[in-house]
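S.K.: Can you read through this structure? Questions will come right after.
Protein chains: 2
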Amino acid sequence: MIRIAIDAMGGDFGAEPIVTGVIDALKEYQFHAVLVGDSNVIKQYIPQNFSQNISFVEASEVISMADGATDALKRKDSTIFKAIELLKEKEVDAVVSAGHSGATMSLATLRVGRIKGVLRPAIATLMPTTQDGTTLVLDVGANVDCKAEHLFQFAVMGEAYAKEILNRNHPKVSLLSNGEEECKGNEVSKEAFLMLSKLNSFVGNAEGNQVFDGSVDVVVCDGFIGNILLKTSEGVADAIGKIIKKHVKKSPLAMAGSVLMKSVFKILKKQVSYDEYGGAPLLGVNGCVIISHGKSNAKAVKNAIFQAINFADSNINLAIQKRLAEFKENA
Amino acid sequence: MIRIAIDAMGGDFGAEPIVTGVIDALKEYQFHAVLVGDSNVIKQYIPQNFSQNISFVEASEVISMADGATDALKRKDSTIFKAIELLKEKEVDAVVSAGHSGATMSLATLRVGRIKGVLRPAIATLMPTTQDGTTLVLDVGANVDCKAEHLFQFAVMGEAYAKEILNRNHPKVSLLSNGEEECKGNEVSKEAFLMLSKLNSFVGNAEGNQVFDGSVDVVVCDGFIGNILLKTSEGVADAIGKIIKKHVKKSPLAMAGSVLMKSVFKILKKQVSYDEYGGAPLLGVNGCVIISHGKSNAKAVKNAIFQAINFADSNINLAIQKRLAEFKENA
């Protein structure tokens, strides 16, 4: 049975949504949950008579958003440190954390280690498309300054994720740029373009809008740009929602219309909400680590757990290792 | 009277929307329009008896989107080459072009030249905010690889535009980054952060979403990231529109609702449409050049002309020159 360690206290809203998400997941799928944190707090949110497949690991501290990521390396009694240790000691198959993402990443990279051949792990995230599908974007925050070689490795990891986890047999891998043409790009991306051309799955440069139109499966960029892309998308969606709300309030007619359109807005909200997509897999570490949004609700946690189960159940890390070795031999 | 040269043929839809936009502008404001292109074609779109304040300069070629920007430097009978020459020779005070933006930029930079002290001109664009205002983002495409010094100069130029053209006396200038904290950023942006700290108007790093929330007036980034930000925004807005439309079609109730909400969608469309904001000023060249969207309709052209009039009527270029000299002295 797959064993998953969950940082039960690290999210912005404390233990409740996280534990509720774990219980919901346990009701739907057989796995073993190791809840890391203060078990006295955690147990409040576990229904009575519900005890199957749950165990506890005590941890007295929570790394807060205000703490530095390097700080986390020293605080050995924190929830995230203990969860990662369980993965390191192979007492669990995966970690799900809605806590400090920088700390999770640093601890995972340094304590669990990288897959052989991987220079830098990357955080990947799924973005919704108008084709009812998703696009995998990486890196979205782990690495702010990247060399072409790093972007190439992100492409290999993204390709593996698309194949092994998203079941896309022939994924289209692209490089984020300021134009589709090969001549477009900055110094690093142009060099990366040449390296990515070695991948059969590489379809060339993608522009920002292609993240959302379903034309590609994987979009590769550095973590600085990936973060800006994520925040820009959230900002636009949020702004559109606010503008609509503001003007609906001014017109009784429009207000009636918005009531009739409620079902559509609900679908839209669902489609653009990260709850549906679980968390962001940290690719390149020698294990399975899913980083959830700090504001995760129970549904987001449940979906992150299912994502962890799929990941732990797959051969993705071996696939990444083999693929990188292949290119190294041919280099 | 302010004289404006307009590339009458360079847009994606030919002369019609451009000439119509010029006529609409002339009806509202006294300026002299110099229409550059094939006057036989252009004259078709000018109403009879309407001849005040229009003159023509013949040009037989149009640079197409498929042409390289450097190509444009050699084709001396193109509409954009001739329009820029008029500016160079001070026969006009400004140029408005909906043609090849790379060609416009290269020609402006090389033929008209840069403002004293400016290392690289930048393309600036106005983005709508939820506060019914706008945020100026630069660079959005002119410079893909930037040094900290370039970003600093973009900040100085953006500050000047906000003060002189947008009439914001105390503009908030920010640096696009992957987090608000000073420690966030990539190598170049961190170095730029220190340089920008010399500006009183500098309020620190801004995240992608802050472009749309009205919290800052100016957002500085390199042209690679600026282009990705623009395309991402367009992509998200487009995706949301498509998702709504798709699901409205499936439900008669929602369809009725969307009819009642029509006025709100209209306001939204207007607010996010580039027609309203005219064009993108090219900052840093020794003159006034407004780059319009290739798909500009008459309204967009009219607004770009008004933007050119405001620009030509201001002291922005002198302000930029003085400000840069000030910092050079103190360096």
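Note that the protein sequences, when read in sequence, are chains A and B.
The numbering of the first sequence is this note's numbering, which starts it at 1 and goes up by one.
The numbering of the second sequence is this note's numbering, which starts it at 1001 and goes up by one.
For glycine and all other residues, C-beta sits at the position ideal for the given N, C-alpha and C.
How many angstroms separate the CA atom of L1332/B from the CA atom of A1192/B?
M.R.: The requested residue 1332/B does not occur in the structure, where chain B is confined to residues 1001 to 1331.
S.K.: Is the segment 1108-1116 of chain B close to the segment 1254-1263 of chain B, with three or more CB pairs under 8 Å?
M.R.: no
S.K.: Show which residues of chain B have a CB atom less than 8 Å away from the CB atom of V259/A.
M.R.: G1257
S.K.: To the nearest angstrom, how far is it from the Cα of A308/A to the Cα of A83/A?
M.R.: Spanning the alpha carbons of A308/A and A83/A requires a straight line of approximately 14 Å.
S.K.: Residues in its own chain within less than 6 Å of V1248/B by CB, not counting five upstream and five downstream?
M.R.: A1254, M1255, S1258
S.K.: Closest by CA to G1287/B, which one among Q1153/B, K1270/B, I1320/B?
M.R.: I1320/B
S.K.: With a Cβ-Cβ cutoff of 8 Å, do L107/A and F81/A count as a contact?
M.R.: yes
S.K.: What are the residues that DSSP puts in a beta bridge with N178/A?
M.R.: DSSP, once it has assigned bridges, lists no residue as partnering N178/A.
S.K.: Please report the distance separating the alpha-carbon of H1150/B from that of V1156/B.
M.R.: The straight-line gap from Cα to Cα measures roughly 10 Å.
S.K.: Using a Cβ cut-off of 8 Å, pull out every chain B residue sitting near A237/A, in sequence order please.
M.R.: V1236, I1240
S.K.: Less than 8 Å between the C-beta atoms of G223/A and V140/A, yes or no?
M.R.: yes
S.K.: Of the choices Y161/A, I63/A, V96/A, whose alpha-carbon is the least far from that of V218/A?
M.R.: Y161/A
S.K.: Please specify which runs of the alpha helix (DSSP H), each continuous and at least 4 residues long, are wholly inside the segment 184-237 of chain A, giving them in chain order.
M.R.: 187-196
S.K.: Could you check whether the Cβ of A303/A sits closer than 8 Å to any Cβ belonging to chain B?
M.R.: For the record, residue 303/A in the displayed sequence is Asn; it is not Ala. So, not an interface residue.
S.K.: What residue range is occupied by the uninterrupted alpha helix (DSSP H) comprising E1016/B?
M.R.: Counting along the chain, the alpha helix (DSSP H) containing E1016/B begins and ends at 1015-1028.
S.K.: In terms of DSSP beta bridges, what is H1032/B paired with?
M.R.: R1003/B
S.K.: Measuring straight from C-alpha to C-alpha, what distance separates P17/A and K328/A?
M.R.: 44 Å
S.K.: At what residues does the alpha helix (DSSP H) containing T135/A begin and finish?
M.R.: Run containing T135/A: none in the alpha helix (DSSP H); it sits in the beta strand (DSSP E), 134-138.
S.K.: Are the beta-carbon atoms of D1275/B and N1297/B separated by less than 8 Å?
M.R.: Remark: C-beta atoms of D1275/B and N1297/B approach each other more closely than 8 Å.
S.K.: Name, in chain order, the residues that DSSP records as bridge partners for E1058/B.
M.R.: G1037/B
S.K.: Does the pairing of the segment 61-71 of chain A with the segment 44-52 of chain A give three or more beta-carbon distances under 8 Å?
M.R.: No, they do not touch.
S.K.: Please report the residue range of the alpha helix (DSSP H) in which I944/B lies.
M.R.: Past the boundaries of the shown model lies residue 944/B; chain B is included only from 1001 to 1331, so the question cannot be answered.
S.K.: Could you check whether the Cβ of N1186/B sits closer than 8 Å to any Cβ belonging to chain A?
M.R.: Chain A, which has a Cβ nearer than 8 Å to the Cβ of N1186/B, makes this yes.
S.K.: What residue from V301/A, Q210/A, K299/A, S292/A has the CA that sits closest to M105/A's CA?
M.R.: S292/A
S.K.: Let's see if you can read the secondary structure: which residues bound the beta strand (DSSP E) around P281/A?
M.R.: 280-283
S.K.: Could you give the distance in angstroms between the alpha-carbon of K27/A and the alpha-carbon of V264/A?
M.R.: 29 Å
S.K.: Among Q1131/B, T1130/B, L1136/B, E1187/B, which one has its Cα closest to the Cα of D145/A?
M.R.: Residue E1187/B is the option with its Cα nearest to D145/A.
S.K.: When DSSP labels each residue in this structure, what does T1125/B get in the three-state scheme?
M.R.: strand
S.K.: Give the secondary structure of A142/A by DSSP, where H, G and I count as helix, E and B as strand, and everything else as coil.
M.R.: Reduced to three states, the DSSP call for A142/A is coil.
S.K.: For a contact meaning CB atoms closer than 8 Å, what does G1141/B contact in chain A?
M.R.: Under the 8 Å cutoff, chain A gives N178.
S.K.: Express the C-alpha separation of L1229/B and M1001/B in angstroms, rounding to a whole number.
M.R.: 38 Å
S.K.: Give me, in chain order, the residues of the same chain whose beta-carbon lies closer than 8 Å to that of E182/A; leave out the 5 immediate sequence neighbours on both sides.
M.R.: Cβ neighbours of E182/A beyond the five flanking positions: F193, G204, N205.
S.K.: Which residues in chain B have a C-beta closer than 7 Å to the C-beta of I244/A? List them in chain order.
M.R.: For I244/A, the neighbours in chain B by C-beta distance under 7 Å run, in chain order, V1264, L1268.
S.K.: R1114/B bridges to which residues according to DSSP?
M.R.: V1285/B
S.K.: With a threshold of 7 Å on Cβ separation, who are the neighbours of V1092/B within its own chain once the five nearest residues in sequence on each side are excluded?
M.R.: R1003, I1004, A1005, V1034, L1086
S.K.: Run down chain B in chain order and give the residues with a C-beta less than 7 Å from the C-beta of F224/A.
M.R.: N1178, N1186
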